[in-house]
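In what follows, a structure is listed as structure tokens, so that the remarks can point back to it.
Protein chains: 2
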Amino acid sequence: MKISQQAVADLAGVSRGTVDRVINNKPNVKPETRERVLAAVEKLGYSPNSNGRALALCKKQFTVTAVCPGPEVPFFSDVLAGIEAAKNELGDFNFYVDYIFTYGKTSESVIAEIDNASTQAVMIAAEDTPIIQKTVKKVTSRKIPVITFNSDISKCGRLCFVGQNLYKSGRIAASLMQNLLRGEKAKVIIVAGSQRFQAHKARIDGFIDALGEYAANIRIADVLETNDEYEKTYHALSDSLSGHSDIKGIYLASGHINGALEAILESGKKYAAVANDLSPAIEKALKDDIFDFTIYQNPFEQGYKPVMLLFDYLLKGIKPSQTIYYTDNTIITKEMI
Amino acid sequence: MKISQQAVADLAGVSRGTVDRVINNKPNVKPETRERVLAAVEKLGYSPNSNGRALALCKKQFTVTAVCPGPEVPFFSDVLAGIEAAKNELGDFNFYVDYIFTYGKTSESVIAEIDNASTQAVMIAAEDTPIIQKTVKKVTSRKIPVITFNSDISKCGRLCFVGQNLYKSGRIAASLMQNLLRGEKAKVIIVAGSQRFQAHKARIDGFIDALGEYAANIRIADVLETNDEYEKTYHALSDSLSGHSDIKGIYLASGHINGALEAILESGKKYAAVANDLSPAIEKALKDDIFDFTIYQNPFEQGYKPVMLLFDYLLKGIKPSQTIYYTDNTIITKEMI
DNA sequence: CCCATATTTGTGCACGCGCACAGCAGGTCA
DNA sequence: TGACCTGCTGTGCGCGTGCACAAATATGGG
Numbered sequence: 002m003k004i005s006q007q008a009v010a011d012l013a014g015v016s017r018g019t020v021d022r023v024i025n026n027k028p029n030v031k032p033e034t035r036e037r038v039l040a041a042v043e044k045l046g047y048s049p050n051s052n053g054r055a056l057a058l059c060k061k062q063f064t065v066t067a068v069c070p071g072p073e074v075p076f077f078s079d080v081l082a083g084i085e086a087a088k089n090e091l092g093d094f095n096f097y098v099d100y101i102f103t104y105g106k107t108s109e110s111v112i113a114e115i116d117n118a119s120t121q122a123v124m125i126a127a128e129d130t131p132i133i134q135k136t137v138k139k140v141t142s143r144k145i146p147v148i149t150f151n152s153d154i155s156k157c158g159r160l161c162f163v164g165q166n167l168y169k170s171g172r173i174a175a176s177l178m179q180n181l182l183r184g185e186k187a188k189v190i191i192v193a194g195s196q197r198f199q200a201h202k203a204r205i206d207g208f209i210d211a212l213g214e215y216a217a218n219i220r221i222a223d224v225l226e227t228n229d230e231y232e233k234t235y236h237a238l239s240d241s242l243s244g245h246s247d248i249k250g251i252y253l254a255s256g257h258i259n260g261a262l263e264a265i266l267e268s269g270k271k272y273a274a275v276a277n278d279l280s281p282a283i284e285k286a287l288k289d290d291i292f293d294f295t296i297y298q299n300p301f302e303q304g305y306k307p308v309m310l311l312f313d314y315l316l317k318g319i320k321p322s323q324t325i326y327y328t329d330n331t332i333i334t335k336e337m338i
Numbered sequence: 002m003k004i005s006q007q008a009v010a011d012l013a014g015v016s017r018g019t020v021d022r023v024i025n026n027k028p029n030v031k032p033e034t035r036e037r038v039l040a041a042v043e044k045l046g047y048s049p050n051s052n053g054r055a056l057a058l059c060k061k062q063f064t065v066t067a068v069c070p071g072p073e074v075p076f077f078s079d080v081l082a083g084i085e086a087a088k089n090e091l092g093d094f095n096f097y098v099d100y101i102f103t104y105g106k107t108s109e110s111v112i113a114e115i116d117n118a119s120t121q122a123v124m125i126a127a128e129d130t131p132i133i134q135k136t137v138k139k140v141t142s143r144k145i146p147v148i149t150f151n152s153d154i155s156k157c158g159r160l161c162f163v164g165q166n167l168y169k170s171g172r173i174a175a176s177l178m179q180n181l182l183r184g185e186k187a188k189v190i191i192v193a194g195s196q197r198f199q200a201h202k203a204r205i206d207g208f209i210d211a212l213g214e215y216a217a218n219i220r221i222a223d224v225l226e227t228n229d230e231y232e233k234t235y236h237a238l239s240d241s242l243s244g245h246s247d248i249k250g251i252y253l254a255s256g257h258i259n260g261a262l263e264a265i266l267e268s269g270k271k272y273a274a275v276a277n278d279l280s281p282a283i284e285k286a287l288k289d290d291i292f293d294f295t296i297y298q299n300p301f302e303q304g305y306k307p308v309m310l311l312f313d314y315l316l317k318g319i320k321p322s323q324t325i326y327y328t329d330n331t332i333i334t335k336e337m338i
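If you read the protein sequences in the order shown, they are chains A and B.
Per my numbering, the very first residue in the first sequence carries number 2; after that it's consecutive.
Per my numbering, the very first residue in the second sequence carries number 2; after that it's consecutive.
Structure follows, in structure tokens:
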């Protein structure tokens, strides 16, 4: 039933070794022989048996280097759980994951670590800055496959990106806001976080676009740039809420709730409120009915998927079928914690 | 790094064959030898290499028989996609899935098919009736592992169950209803479907419990038994809506929207409406703003997971770590289709 | 005590693959 | 012509495992 290299070899009239050379793109095969083998591969629909491959490569270690903030950041601790799960699942394949944690480090030292890493593949979650772009480009030019995750890096030759569809997450927030404010004329404040991050911009675009399409009753009263800092967020929202007496809803486009929470509590009113991600603080706010929904970007999957894609690439030679893998946007209510 | 049978054998002072016999629980091993080997296994932390195992078992086919309604039922067509994905992923392990489709067949003929099936494992989604219980019990007594999925079967010796947490799905529906009806005094109708199915009962319990806990403003005006038939559902809901003039919300506890949809449209009013599952009809109702939310019980996962669990059980000897695996309840809005 | 029979243990092959090495032509140059 | 290289192809080993079979050891009856 299953096609082996031997079957291909028999059909092509060569030895198994030659088939192996063709499959693995090794040099020193006469072009016409190579073609004959490829024809046989095609005809029989051969694909390598990953078990055999894994067994033969038993002594060789495959190492993937994961570059991301680190377990101190709540969101990324869940991402790391996904990476560890994937690593665990692939233990039989001598497939390992090394980490370079970036939290609290300078770009320079991170870049140095990446340069020095001896690794077969890289997955990286970092801000899309010119220095990072350049560094990643250097890695890919060494034929080392790179997958970006959580936030994408542009023009760097990466294999693919795994992360949230930010624009869509904004649109979903809009549909939730619409449902919370069922037809009543209402004003809404957007708490935008730092514009430095692409994330917030794209979410806000989605939010505004969707509202424009189907929720004419909802007006944006204010878009607050807060930089995700406690004091700044608190004051911005507090001022805005007391400035407009008739605010009905709040959309928190970042995953940082601190400051916003206090401003809302102090106002003493109940708003239609939608947040992002699922930190302990947001969990509590959901339970306390201060926020109604949060939109969750499956961090586990964001860790798990890139490892699996790199595994397929390294061990099976299968390139990712897409250049962008969007992880599910999940709506969370207090009942789902 | 990796521990092999040989390493265990060396430590225990026996041959690899003996280790193999102990690992795989074969007879004819002297009890004290068995213990010595087990001690060595423990000490070294040995676990079988699934690649080696798969390779050695290359000629042996593992067959799982999946018993479920069939692709005609929209929900199960997605379940089948999950099964196929798992099957595909395990192709290198000579791991196959046979189907017994139950849609439109009598219990007797299904039971006969199950009895005649020559298979290594069974996954079954069927109503929890005495005849089915008995049949499954017969299968498990032949040492053939059984996993129930989608809907559980009681007292049948199954390994575990994979499916939705129905009670919780009801509670989530309640939290959505609460958000839709933000504090206003409101009456709600529950469309219950057939009580024959455990599903609806558990969902309604969850819905009512959660409302009782935190949504005193919402009152249940009616619970309609509809049997999921078009005419019956249509008339029941239509009558109830005209009977109570002040209904604000509708909770559809089954996945069958037909009849209900027409009754709502005819009333000419907009209700806070929550449904279950994701048939084409419900998708359309979401897009048209007739329903606001639907609660989705990941059918893909319900197909995928049992196959993987049976794979681990058959090929690696790993028993499922839980007796119940709940699949995610996902909230869907029109933006998520 | 010996031989027949159970019981227990060891051995060797196969699975599909990657890789190192050996063989085998044909060509080049002194 | 012989020594040497180069481009190509075949061969054989080992990865960890399951299984059939051979070998060794224990058991028991005469």
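Heads up, the beta-carbon is just placed ideally off N, CA and C, and yes, glycines get one too.
All values derive from a computational prediction rather than experimental measurement.
Residue ranges of each beta strand (DSSP E) run of no fewer than 3 residues wholly in the stretch 174-213 of chain A, ordered along the chain? Counting only runs of 3 or more, we get 187-194.
Am I right that A:MET120 and A:VAL38 are in contact with their C-beta atoms under 8 Å? What's the rounded C-beta distance? The amino acid occupying residue 120 of chain A in the given sequence is Thr; Met does not appear at that position. Not a contact, Cβ separation roughly 31 Å.
Can you tell me whether A:GLY244 is helix, strand or coil according to DSSP? helix
May I ask you to list, following chain order, the residues of the stretch 21-53 of chain B that have a beta carbon less than 7 Å from some beta carbon of chain A? ASN50, SER51, ASN52, GLY53
Rounded C-alpha distance that separates B:PRO321 from A:SER176: 39 Å
Local conformation of B:ALA254 per DSSP, three classes: Taken through DSSP and simplified to helix, strand or coil, B:ALA254 comes out as coil.
Taking 8 Å as the CB-CB limit, is A:ARG172 close to chain B? yes
Within a Cβ cutoff of 7 Å, which residues of the same chain sit near B:MET309, ignoring the five residues on either side of it in sequence? ALA87
What residue ranges within the stretch 121-157 of chain B form continuous alpha helix (DSSP H) runs of no fewer than 4 residues, ordered along the chain? Annotation note: the stretch 121-157 of chain B contains the following uninterrupted alpha helix (DSSP H) runs of length 4 or greater, listed N- to C-terminal: 131-142.
Mind listing which residues of the stretch 53-71 of chain B have their C-beta closer than 9 Å to chain A's C-betas, in chain order? GLY53, ARG54, ALA55, LEU56, CYS59, GLN62
CB of A:ASN151 within 8 Å of CB of A:LYS186, strictly: no
Counting only beta-carbon atoms, is B:SER176 nearer than 8 Å to chain A? Yes, because at least one Cβ of chain A sits closer than 8 Å to the Cβ of B:SER176.
Is the beta carbon of A:GLY260 sitting closer than 8 Å to the one on A:THR234? Contact annotation: A:GLY260 and A:THR234 have beta-carbon atoms nearer than 8 Å.
Within 8 Å of any Cβ in chain A, is that where the Cβ of B:LEU238 sits? no
Pop quiz: B:PHE294 and B:ILE332 are said to be a contact at Cβ under 8 Å. What is the actual Cβ separation, rounded to whole angstroms? 6 Å
What are the uninterrupted segments assigned as beta strand (DSSP E) that are 3 or more residues long and contained completely in the stretch 71-122 of chain A, given in chain order? For the stretch 71-122 of chain A, whole beta strand (DSSP E) runs of length 3 or above, ordered along the chain, are 96-102.
For B:ALA264, which option in B:ASP278, B:THR227, B:LEU279 has the closest C-alpha, if you only look at C-alpha atoms? B:THR227
Cβ atoms of B:LYS306 and B:TYR272: under 8 Å apart, would you say? no
Taking 8 Å as the limit between beta carbons, can you name the residues of its chain near A:ASP21, skipping five residues before and five after? Cβ neighbours of A:ASP21 beyond the five flanking positions: GLN6, LYS27.
Closest to A:GLY213 by C-alpha separation, out of A:GLN179, A:HIS236, A:ASP229, would be which residue? A:GLN179
For the pair the stretch 11-25 of chain B and the stretch 183-201 of chain B, tell me if three or more CB-CB distances fall below 8 Å. Result no; under three Cβ-Cβ pairs closer than 8 Å.
Member of B:VAL137, B:LYS44, B:ASN166 whose CA lies at the smallest distance from the CA of B:VAL9: Checked all of B:VAL137, B:LYS44, B:ASN166; the closest Cα to B:VAL9 is B:LYS44.
Closer than 8 Å to chain A by CB, B:ALA86: no
Hey, how far is the Cα of B:ILE24 from the Cα of B:ILE125? 29 Å
Excluding the 5 residues flanking A:TYR100 on each side, which residues of the same chain have their C-beta closer than 7 Å to its C-beta? ALA67
Since A:ALA222 is in the alpha helix (DSSP H), which residue starts that stretch and which ends it? First-last for A:ALA222: 219-226, but that is the beta strand (DSSP E), not the alpha helix (DSSP H).
Using 10 angstroms around the beta-carbon of B:HIS245, count the other beta-carbons present and answer buried if the total reaches 16, otherwise exposed. exposed
Considering only the beta carbon of each residue, do B:VAL147 and B:VAL123 sit closer than 8 Å? yes
Looking at the strands, I want to know which residues DSSP matches up with A:ASN330. A:GLN298
Going by alpha carbons, who is nearest to B:ASP247 out of B:SER268, B:ALA216, B:TYR104? With distances taken between Cα atoms, B:ASP247 lies closest to B:SER268.
Status (buried if at least 16 other CB within 10 Å, exposed otherwise) for B:ASN89: exposed
Tell me B:ALA276's beta-bridge partners as DSSP assigns them. B:THR295
Starting from the beta carbon of A:LEU315, find every residue of chain B whose beta carbon is closer than 8 Å, and list them in chain order. Within 8 Å Cβ-Cβ: nothing; A:LEU315 doesn't reach chain B, min ~15 Å.
Applying the 10 Å Cβ sphere with the 16-neighbour rule, what's the burial state of B:GLY207? buried
A:GLY171: buried (16+ other C-beta within 10 angstroms of its C-beta) or exposed? buried
Considering B:ALA67, what are the terminal residues of the beta strand (DSSP E) in which it resides? Looking at the DSSP string, the run of the beta strand (DSSP E) that includes B:ALA67 is 63-69.
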